[in-house]
Amino acid sequence: MSLYSREYRRSIDQPEVFWAEQAKRLPWTTMPRTMLSYDDQGHARWYPDGELNLCHAALDHHVEQGRGDQAAVLWDSPVTGSRRRLSYVELRDRVARFAGALKGLGVEKGDRVIIYMPMVPEALIAMLACARLGAVHSVVFGGFAPHELAVRIEDAEPRVVVAASCGVEVDRVLPYKPIVDAAIEQSAYKPDACIVLQREQCRAELEARDHDWASLEAGAAPAACVPVKATDPLYVLYTSGTTGKPKGVVRDTGGYGVALHYSMEAIYDMAPGEVFFSASDVGWVVGHSYIVYGPLLRGCTTVVYEGKPVRTPDAGAFWRLIAEYRVKAFFTAPTAFRAIKKEDPDGTLLREYDVSSLKALFLAGERLDPPTFHWLEDLLEVPVIDHWWQTETGWPIAANLQGLEPMPVKAGSATVSVPGFDVRILDREGHDAPALEQGSVVIKQPLPPGCLTGIWRDPRRFHAAYMAAYPGYYLTGDAGYLDEDGYLFIMGRTDDVINVAGHRLSTGEMEEVVGGHPAVAECAVIGIHDALKGQVPVGLVIPKDGFDGSEVDLERELIARVRDIIGPVACFKQVLVVDRLPKTRSGKILRKLLRHMADGQEYGVPSTIDDPASLSDVHEAMKARSLGSADQARQR
């Protein structure tokens, strides 16, 4: 058996032994004796009798080990022209003082704190300060509208809200304080206080409940780390696309810490002192796991970037950061590189930088389409690794484990299941599907450490949403298949599998074909209602910059490609050329919303949308082609 196979089988056959070994690598206050227990609904709870403090494990422990002068955070903000370096001892001291400031406002173990911040070091300081006190943080993406922030305040009931005076983007400054004030006004629950980090780009007017961050931190006494149970919550993170009652994913402390530490070595091949760069935001799960906690628990240096993949100042921004900070592993979403490819299709800007420090590029957040994979593979001399995970799992489910046993790459596959995750493909009757047959991707219980332990204040919703469909399994909501070598292919959300005249077809597979055309920068394929066939696919395509061909010819060529590669059974006969596609801020195309629009159904604009104007552009394109019932669609 290979090294991977041996480790994977141990994690599945002897999970308590395997995860006991990993737990020993963290500094516990009380080492757990019981590795795994179950709650009254049969859901896994890891290390129930262990105690630790994750801030201590991420900061104080490294200082005690003599690495206090090492860089912990490298902040780079091209939108403000600022940079900053914080060593481990500097970060520990600032976190301890800010924890003291929170404590002075009454924040105690178990209290909630909402953090509404841009990508600045203080966002990390606020998160770690909460962890230091045993308080539960809930980071809300900076820029969310007042209503969306208000429903999260009502659900989490924070004692304190921590905010910045503004966020800074490429072409504008977004004042945050009016949004926070409006959200508190709308919320039935009122926090005790609001701490405001004043930024020079837009200073905020402070009211009676408000406190200036700098003054508060300067006058605070450092707070000590408060040990908590491994099963106590570290944070609540509201999932993207939330509508109505928010769905707050609850993450525990001990299992999460163990899983992240393991993943930093086994998946990302990172050692203490090395530089890790994740181009995400602390408002998303990637930011929690691989900007803040993962790199710091492993003793690495984390790059915090306040900018975009393009226009800050150009499509070479990532290459600059990798070169300047000697980044070993880089992690971002495929949509970022599609934007780069659109503006710099030949990768000419890469030649301006020495990126020899880079050993692997990791992509997640959505499926890595083969055209983007091949473009990156041709451009770089390092492994290009697709890996798959979710907000709910907190760390990768499937990956090519660079620190354990690198494997041959297959375009379109997230490679193999990570140790701890027993991934299965089930058919509609709940039976194991044979190799190469698509079905529902599930994970056999128990889930490994680090995964969600519930939905905040709603255990029934947790069970109904994730555990009830296939008893004994966690429902991922994704469709995919395993090939003969055990490689996992995620083809999209379960509802992205369409039924065309009785044939179940993957829109993800069609997107592969469409995206492989040399003129296509980005695309989405959706299934829309058809009276005769049930559903038919429609392509929405963004051409590459500089495309000057005929849209009619492009449509004809794309239809022919799908017919030649997938077959006439796909009934792929319509392509809309658009300037932009509606996406979440984390880069996911809002395919379900597009389907509702095309089918004439009511649709809501999610709080996570990056560019609301993109909806009207696509809507007009649909109406111009008399697509489905798009002219009857109404925004609710």
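Each residue of the sequence shown is one higher than the last, beginning at 1 in UniProt numbering. Even glycine gets a Cβ: it sits at the ideal position worked out from N, Cα and C.
Using a Cβ distance threshold of 8 Å, determine whether the stretch 22-29 contacts the stretch 43-57, with at least three qualifying pairs required. yes
With the cut-off set at 8 Å, would you say N53 and P227 are in Cβ contact? yes
For H374, does the count of other Cβ atoms within 10 angstroms reach 16, so buried, or fall short, so exposed? exposed
Would you say the stretch 120-134 touches the stretch 286-305, given that touching needs at least three Cβ pairs under 8 Å? yes
Using only alpha-carbon positions, find the residue among R493, R585, L558, V500 that is nearest to A519. L558
Give me the Cβ distance between I609 and V418, rounded to the nearest whole Å; I'm assuming they're in contact under 8 Å. That pair is no contact at about 31 Å.
Please state whether DSSP places R625 in a helix, a strand or coil. coil
With a 10 Å radius around its C-beta and 16 neighbouring C-beta atoms as the bar for buried, classify D548 as buried or exposed. exposed
Curious, which full-length alpha helix (DSSP H) runs of at least 4 residues does the stretch 491-572 contain? 507-515, 551-565
Straight-line Cα distance separating A521 from residue 655: Here the chain comprises residues numbered 1 to 636, so residue 655 is not present and cannot be evaluated.
Among the candidates R428, Y256, Y116, whose CA atom is the shortest distance from the CA of G450? Y256
Alpha-carbon spacing of S37 relative to D617, whole angstroms: 51 Å
Say whether the stretch 87-103 touches the stretch 60-69, bearing in mind that this needs 3 or more beta-carbon pairs closer than 8 Å, one atom from each stretch. yes
How close, in whole Å, do the beta carbons of V162 and A135 come, if the pair is a contact with beta carbons under 8 Å? The pair is not a contact, with the Cβ atoms about 11 Å apart (cut-off 8 Å).
Comparing the CB of K177 with every heavy atom of the ligand SAM, is any distance shorter than 7 Å? Here there are no bound small molecules, and the ligand SAM is not part of this structure.
I think M119 touches V282, with their Cβ atoms under 8 Å apart; what is that distance to the nearest whole Å? 7 Å
Counted within 10 angstroms of its Cβ, other Cβ atoms place G472 as buried (16 or more) or exposed: exposed
Only counting the same chain, and skipping five residues up and downstream in sequence, which positions put a Cβ closer than 6 Å to that of D252? T231, T453
N- and C-terminal bounds of the beta strand (DSSP E) containing K444: 439-444
Is V250 helix, strand or coil when you go by DSSP? strand
G257, DSSP secondary structure in three states: helix
Tell me which residues share the same chain as D631 and place their Cβ nearer than 6 Å to its Cβ, disregarding the 5 neighbours each side in the sequence. Note on D631: pLDDT 49, under 50, position unreliable in the model; the coordinate value appears next. Cβ within range, chain order: K623.
Counting pairs of Cβ atoms below 8 Å between the stretch 530-540 and the stretch 405-412, do you hit three or more? no
Might you give, ordered along the chain, the residues of its own chain that have their beta carbon closer than 8 Å to the beta carbon of D553, omitting 5 neighbours on each side? none
Alpha carbon of S11 to alpha carbon of K444, nearest angstrom: 13 Å
With DSSP as the reference, please indicate the residues paired to Y473 in a beta bridge. K444
Residues that DSSP places opposite G167 in a beta bridge: L174
E51 by DSSP, collapsed to three states: which one? strand
Can you tell me where the alpha helix (DSSP H) with V236 in it begins and where it stops? Taken as a continuous stretch (DSSP letters only), V236 belongs to no alpha helix (DSSP H), being part of the beta strand (DSSP E) at 233-238.
Counting C-beta neighbours from all protein chains within 10 Å, is the total for A220 16 or more, i.e. buried, or is it exposed? buried
Roughly how many angstroms lie between the CA atoms of I566 and T80, to the nearest whole one? 48 Å
Between which two residues does the beta strand (DSSP E) holding C194 run? 193-197
Buried or exposed: where does V107 fall if 16 or more other Cβ atoms within 10 Å of its Cβ makes it buried? buried
So is L436 buried or exposed if we call it buried at 16+ other beta carbons inside 10 Å? exposed
I153 - DSSP class collapsed to helix/strand/coil: helix
Taking only three categories from DSSP, how would you classify F330? strand
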